[in-house]
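K.L.:
Sequences listed follow chains A and B, in order. The end of the first sequence is residue 324 by my numbering, with every number in the run present. The end of the second sequence is residue 650 by my numbering, with every number in the run present. In this text, a Cβ means the ideal position worked out from N, Cα and C, and glycines have one as well. Right, I'll just put the structure down here and ask away after.
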Amino acid sequence: MSEISSTGRQGLWRRIDPAVATAFGCIVLLLLVGSIYSSNFLHLDYLLLQLKVASFLGVIATGAMLVILLGQIDLSAPWTITTGAMMSCAAAAYGPAGVALAIPFGILCGVAIGIVNGIGVAYLRIPAMIITLATNAVAQGLMVVYTGGFSPQDEATEAMRYIATGFLVPGVPNAVLVWVVVGAGAVFLLTRTTFGRAVYGIGNSERAAYLSGVDTRRILVIAFAIAGGLAAFGGVLLAGYSSKAAQSMGDVYLLPAIAAVVLGGTSILGGRGSYLGTVAGAILITLLQSILSVMQIPEAGRQVIYGIVIVIMLLLYGRAPASR
Amino acid sequence: MKDWKYWVAEQRGTLFAFATFVVMFTIYVSNHPAGFTANVVQTAANKGVLLAFVAMAQALVVITAGIDLSVGMIFILTNCLASWIVVGTPLETTLGIVGVLLAGLACGAVNGLIVIYGRLQPIVTTIATGAVYYGIALLLRPFPGGSVNEDLADFLTGKIWGVVPVSLVVLVVVVLLVWVPFSRSVMGRAAYATGSSEAAAYMSAMPIRRAKFLTYTLAGLLAGIGGLFLTFFTYTGEAALASGNAYTLFSIAAVVLGGISLYGGTGSAIGAVFGALAFRAIGDLLFVFDLDPLWQPLFQGVVLLIAVSLGAFALLRVRNKLDWFT
Chain A
1 MSEISSTGRQ GLWRRIDPAV ATAFGCIVLL LLVGSIYSSN FLHLDYLLLQ LKVASFLGVI
61 ATGAMLVILL GQIDLSAPWT ITTGAMMSCA AAAYGPAGVA LAIPFGILCG VAIGIVNGIG
121 VAYLRIPAMI ITLATNAVAQ GLMVVYTGGF SPQDEATEAM RYIATGFLVP GVPNAVLVWV
181 VVGAGAVFLL TRTTFGRAVY GIGNSERAAY LSGVDTRRIL VIAFAIAGGL AAFGGVLLAG
241 YSSKAAQSMG DVYLLPAIAA VVLGGTSILG GRGSYLGTVA GAILITLLQS ILSVMQIPEA
301 GRQVIYGIVI VIMLLLYGRA PASR
Chain B
325 MKDWKYWVAE QRGTLFAFAT FVVMFTIYVS NHPAGFTANV VQTAANKGVL LAFVAMAQAL
385 VVITAGIDLS VGMIFILTNC LASWIVVGTP LETTLGIVGV LLAGLACGAV NGLIVIYGRL
445 QPIVTTIATG AVYYGIALLL RPFPGGSVNE DLADFLTGKI WGVVPVSLVV LVVVVLLVWV
505 PFSRSVMGRA AYATGSSEAA AYMSAMPIRR AKFLTYTLAG LLAGIGGLFL TFFTYTGEAA
565 LASGNAYTLF SIAAVVLGGI SLYGGTGSAI GAVFGALAFR AIGDLLFVFD LDPLWQPLFQ
625 GVVLLIAVSL GAFALLRVRN KLDWFT
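As structure tokens, then:
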């Protein structure tokens, strides 16, 4: 301990997570590569646009991070996102009260899916990957029945459009402000509350946390509920952004959300990781997608490059320790 | 205890899957307008074997306590590839089939290499490689199309002696050629040992890495055989993201129904085959009871949810609160 305090600079250096530093390094590298291709990459407008697009992913990744910190995984995100988007638009069809409650209703539907996930994982002890895949399928089924059986309202409300695309502070998109608020909440929750300590504790060893008197099952349910709510909120934002909800609009967010968390240095086995890393991961992935689309690489090539880049980055700094 | 009792205890999951399949299929055919005829069985078999191959692939990986979320994408990729190269003269067709199977094998091997030697988590790795395989499938077939050697396709999806569906015969042959030798070899035993306890298997000097690599590679091969069969049934190739995801999902459902623990170390690929056939029969129940097809995704999702919750019955055997966390 005294070593660290006597050499302050070294102490600061040690506090920087190499994974987070690498992620930020990659962001700078991507911007440089992009600026060689086109000088627009370093314009403030472009960067703000990227930040806005990243904020949708960032909100969803915040929920994914909470679950991954527990050593679990949430694969129900795709249809939770779609459910949030569709249900908030659907609520708008029920008069002024519906319009006013559209956003909370969409989020609540996500929370409901998250609670089912949490109960399955915490109380029934079903592996998280499996129960979340199953609830994803059920949510998809419900949405197919809903959109096919009734004529749905798929227009986003004014409020939804405003929080996704408006400007409360001139120059700064509202979506970015939303991400800042969500991020601040996440940082507070993870670093300043007993809930946060319990999340890290469970991620390291659920058994040890339980023996230390933590009600681990309740924490798991709450964490999954928050993750579901944030995914649905991401869906609400996306619906506001494109001003409507669409089938399978969430499918493209599963890999990016998990990749953003893992590339940001959060251990996929749980118990280790910082929110700053997730921020870096979300920006990194958005930039990567943006550059691939600016270069006009067709969808097929983008999928291939995208998958390969994620595997390579994980190989660089996301490997599990050698057990032998 | 008699020997057969040990055998029954060991094969409980497989026998349960077999019983589920028999019950579901009986309900299905007894309500089918055409009844229990060779044509109904042939159609059911042709749809069932597609999932059966993918489920076997998933089963091999799950036995080592891993998971392969890219099986559906390998299935789609090999389907698209087959719609290009399994055509022409018998020699060309044969070479094409070999090419398709090698492609499946290569996809599985890549998964195995990254998971084992790259030391990455199977879930994240296979989601990412799945994106790559889907991208390649899109390169090959951005729009549905292509063709296949129709004589061969008609033979493999038809009946011999007017009764036995050829696709079922092929399934049995693949089980005998791939699963039986594997499960009886040292590698197969090492795969089970790794799934039960990797640390103990390591201490016992089992060839863990080679066994895991072999399971991922064979999984790719089996998914490739499934993709080849999809081409024989549809005569076309199509890069459909939704159907790739669906097959991955259904393969996990089939594995669970087949009595294979997702924590690894138990069950057999034969259980997964019956699990797949049972899952298909359950899905077809909607059709014979004449319900709105709109409800099918929801129905399948609920079946999946119930199937995985059945695994929670292990909770009833918990003797110590700490058993929750294993």
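Less than 8 Å separating the beta-carbons of B/L551 and B/T402?
P.N.:
A quick correction: the sequence has Gly, not Leu, at residue 551 of chain B. Result yes, Cβ atoms of B/G551 and B/T402 sit closer than 8 Å.
K.L.:
Enumerate in chain order the residues of its own chain whose CB-to-CB distance from A/L189 is below 7 Å, with the five nearest sequence positions on each side excluded.
P.N.:
So the list reads F195 and G196, once near-sequence residues are dropped.
K.L.:
Between which residues of its own chain and B/G454 is the CB-CB distance below 7 Å, once the five residues before and five after are set aside?
P.N.:
Same-chain partners within the cutoff: L393, S394 and M397.
K.L.:
Quick one: residues in its chain with C-beta nearer than 6 Å to the C-beta of A/A128, no 5 flanking neighbours on either side, listed in chain order?
P.N.:
Cβ within range, chain order: Q72, I73 and V121.
K.L.:
For B/A358, count neighbouring Cβ atoms within 10 angstroms of its own Cβ and tell me buried if that reaches 16, exposed if not.
P.N.:
The residue is exposed, with fewer than 16 neighbouring Cβ atoms inside 10 Å.
K.L.:
Pick from A/I308, A/A257, A/L237 and A/L316: whose alpha carbon is nearest that of A/C89?
P.N.:
Out of A/I308, A/A257, A/L237 and A/L316, A/L237 has the C-alpha closest to the C-alpha of A/C89.
K.L.:
Can you find a CB in chain B that lies within less than 8 Å of the CB of A/A85?
P.N.:
No, its Cβ sits nowhere closer than 8 Å to a Cβ of chain B.
K.L.:
Ignore the nearest five residues each way along the sequence and tell me which others in A/D359's own chain have a CB closer than 7 Å to its CB.
P.N.:
The first residue shown for chain A is 1 and the last is 324, placing residue 359 of chain A beyond what the model contains.
K.L.:
Helix, strand or coil for B/A631? Go by DSSP, reduced to three states.
P.N.:
Helix.
K.L.:
Would A/V145 count as contacting chain B if we go by Cβ distances under 8 Å?
P.N.:
Chain B contact via Cβ: present.
K.L.:
By alpha-carbon positions, which one of B/C404, B/K329, B/L384 and B/N569 ends up nearest to B/W503?
P.N.:
The shortest C-alpha separation from B/W503 is found at B/L384.
K.L.:
Identify the contact partners of A/L315 in chain B, using a Cβ-Cβ distance below 8 Å as the criterion.
P.N.:
By Cβ distance, chain B contributes I438, G442 and L444.
K.L.:
Going by DSSP, which residues form a beta bridge with B/V332?
P.N.:
Answer by DSSP bridge pairing: none, since B/V332 is not bridged.
K.L.:
Anything in chain A within Cβ reach of B/V448, meaning under 7 Å, just list it in chain order.
P.N.:
By Cβ distance, chain A contributes I258, V262, I268 and L314.
K.L.:
When DSSP labels each residue in this structure, what does A/V172 get in the three-state scheme?
P.N.:
Of the three classes helix, strand and coil, the one that applies to A/V172 here is strand, per DSSP.
K.L.:
Taking the runs of the beta strand (DSSP E) that are 3 residues or longer, which of them lie wholly in the region 450–484 of chain B?
P.N.:
None, since the region 450–484 of chain B contains no complete beta strand (DSSP E) of that length.
K.L.:
Could you spell out the range, first to last residue, of the alpha helix (DSSP H) harbouring B/F391?
P.N.:
In the sequence on display, residue 391 of chain B carries Ile and not Phe. Run containing B/I391: none; DSSP gives neither H nor E here.
K.L.:
Roughly how many whole angstroms lie between the Cα atoms of B/V498 and B/A381?
P.N.:
Near 12 Å, if we compare the C-alpha coordinates of B/A381 and B/V498.
K.L.:
For A/M65, tell me which candidate among A/I305, A/I226 and A/M87 has the shortest Cα-Cα distance.
P.N.:
Residue A/I226 is the option with its Cα nearest to A/M65.
K.L.:
Between the C-alpha atoms of B/A389 and B/T518, what's the straight-line distance to the nearest angstrom?
P.N.:
B/A389 and B/T518: Cα-Cα distance of roughly 8 Å.
K.L.:
Compare the C-beta of A/R324 against all C-beta atoms of chain B and say whether one is closer than 8 Å.
P.N.:
For A/R324, the predicted model reports a pLDDT of 48, less than 50, meaning its position is unreliable; a value from the coordinates is still stated below. Closer than 8 Å to some Cβ of chain B, the Cβ of A/R324 qualifies, so yes.
K.L.:
Quick one: does B/Y458 have its CB under 8 Å from some CB of chain A?
P.N.:
By this cut-off, B/Y458 is an interface position.
K.L.:
Quick check: is the beta carbon of A/Q303 nearer than 8 Å to any beta carbon in chain B?
P.N.:
Chain B, which has a Cβ nearer than 8 Å to the Cβ of A/Q303, makes this yes.
K.L.:
Measuring only the C-alpha atoms, how far is A/A208 from A/L287?
P.N.:
A/A208 and A/L287: Cα-Cα distance of roughly 40 Å.
K.L.:
If you draw a straight line from the C-alpha of A/G250 to the C-alpha of A/A159, how long is it?
P.N.:
Using only the alpha carbons, I get a separation of about 21 Å.
K.L.:
In its own chain, which residues sit with a C-beta less than 6 Å from the C-beta of B/A525, not counting the 5 before and 5 after it?
P.N.:
Correct list, in chain order: A517, T518 and I532.
K.L.:
Looking at the structure shown, is B/V488 part of a helix, part of a strand, or coil, going by DSSP?
P.N.:
Strand, per DSSP.
K.L.:
To the nearest whole angstrom, what separates the beta carbons of B/T338 and B/G583, a pair I think is in contact under 8 Å?
P.N.:
Yes, B/T338 and B/G583 are in contact; Cβ-Cβ is about 6 Å, under 8 Å.
K.L.:
Below 8 Å, how does it come out for the region 404–424 of chain B and the region 619–634 of chain B: are there three or more Cβ pairs, yes or no?
P.N.:
No, the region 404–424 of chain B does not touch the region 619–634 of chain B.
K.L.:
Under a CB-based cut-off of 8 Å, is B/T453 close to chain A?
P.N.:
Closer than 8 Å: yes.
K.L.:
Since B/S633 meets chain A, which of its residues come closer than 9 Å, beta carbon to beta carbon?
P.N.:
Residues of chain A passing the Cβ test: G120, L124, I126, I131 and A134.
K.L.:
Can you tell me whether A/P173 is buried or exposed, with buried defined as 16 or more other CB within 10 angstroms of its CB?
P.N.:
That one is buried.
K.L.:
With a CB to CB cut of under 6 Å and the five nearest residues on each side skipped, what residues in its chain are close to A/G203?
P.N.:
Result list for A/G203: L69, L70, G71, G270 and G271, in chain order.
K.L.:
I'd like to check one pair, A/F224 with A/G84: are the Cβ atoms closer than 8 Å?
P.N.:
For A/G84 and A/F224, no; Cβs fall outside 8 Å.
K.L.:
On a CA-only basis, which of B/A430, B/N569 and B/F557 is nearest B/A368? Give me that one, please.
P.N.:
Comparing Cα positions, the closest option is B/F557.
K.L.:
Are at least three pairs of beta-carbons, each pair with one atom in the region 425–437 of chain B and one in the region 485–495 of chain B, less than 8 Å apart?
P.N.:
These segments do not touch.
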